[in-house]
Amino acid sequence: MDGTGIGGADQEKGKTTRARRSWTNPEEDALIHCLLDIVAEGWKADNGFKAGFQRELEKGMKKLLPADPSKKTNPKAQALKTAKAVKSGVIKKKSKKIHTKVTFYRPRTLKKDRTPKYPRISAPPCNKLDHYEILKADKKKIKDAVKKMYDIQTKKVNTLIRPDGTKKAYVRLTPDYDALDVANKIGII
Numbered sequence: 042m043d044g045t046g047i048g049g050a051d052q053e054k055g056k057t058t059r060a061r062r063s064w065t066n067p068e069e070d071a072l073i074h075c076l077l078d079i080v081a082e083g084w085k086a087d088n089g090f091k092a093g094f095q096r097e098l099e100k101g102m103k104k105l106l107p108a109d110p111s112k113k114t115n116p117k118a119q120a121l122k123t124a125k126a127v128k129s130g131v132i133k134k135k136s137k138k139i140h141t142k143v144t145f146y147r148p149r150t151l152k153k154d155r156t157p158k159y160p161r162i163s164a165p166p167c168n169k170l171d172h173y174e175i176l177k178a179d180k181k182k183i184k185d186a187v188k189k190m191y192d193i194q195t196k197k198v199n200t201l202i203r204p205d206g207t208k209k210a211y212v213r214l215t216p217d218y219d220a221l222d223v224a225n226k227i228g229i230i
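In the working numbering, the protein residues as written are 42 to 230.
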């Protein structure tokens, strides 16, 4: 064993896996100031800091330090850079998320309202007896409406409510009228 540990060979040659960045003086002053504020607010515990102190530390650092101008890029320059990357074929692949829990919760995605191109159910046909309100009418009103529309005497009216909610009426004619003649007059045949 050479005793170098993990990555020791890389460190001997002067190679590191990532670029090291040193803190500037204003950054160090802001860090010290934020740490003192966190201790004064009661985030200090017996063996270090309480959970969540890093979030508070980041908030304080963002307040004290101005945003780094080098990180903000010009939108036009960024668009040109993206266009160049697309033309050259250099497209970054999205790395897979590492799941650390046993259970998998499906991500909530955008749910849009349905906007069909055409109605799936055709419109119900317009009933000829509708302006006499046959659907709401009782047997006497149906008898009067048939007499008024077709000049026909009826002997008996039977009604039923269909499963789709519409009313159906069977009209029995008096012996004076022939059913075929009435059907021709109405336009059924």
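Just so you know, even glycine gets a beta-carbon here, dropped at the ideal spot from N, CA and C.
Length of the line joining the Cα atoms of residue i and residue j
i	j	result
residue 140	residue 122	32 Å
residue 100	residue 159	53 Å
residue 94	residue 120	38 Å
residue 76	residue 63	19 Å
residue 199	residue 178	12 Å
residue 217	residue 225	16 Å
Residue i: first and last residue of the uninterrupted beta strand (DSSP E) it sits in
i	result
residue 76	Unbroken run through residue 76 is the alpha helix (DSSP H), 66-82; no beta strand (DSSP E).
residue 32	With the chain covering 42 to 230 only, the question about residue 32 has no answer from this structure.
residue 210	208-214
residue 201	195-202
Contacts around residue i, its chain only, beta-carbon distance under 6 Å, and the 5 residues preceding and following it disregarded
i	result
residue 196	213 and 215
residue 201	209
residue 44	Only weak support exists for where residue 44 lies, its pLDDT of 48 falling under 50; the value from the coordinates is given anyway. Hits under 6 Å: none found.
Contact with chain D by residue i, beta-carbon distance below 9 Å
i	result
residue 222	Of the protein chains in the structure, only one exists, and it is not chain D.
Start-to-end residues for the alpha helix (DSSP H) that takes in residue i
i	result
residue 191	180-191
residue 137	Where residue 137 is concerned, there is no enclosing alpha helix (DSSP H), given that its DSSP letter is neither H nor E.
residue 103	94-105
residue 121	116-129
Sequence-distant residues of its chain with Cβ nearer than 8 Å to residue i (five each side left out)
i	result
residue 221	230
Other residues of its chain near residue i: CB distance less than 7 Å, five sequence neighbours each side excluded
i	result
residue 91	84
Is it the case that the segment 146-162 contacts the segment 183-196, given that we only count it when at least three CB pairs across the two stretches are under 8 Å? Result no; under three Cβ-Cβ pairs closer than 8 Å.
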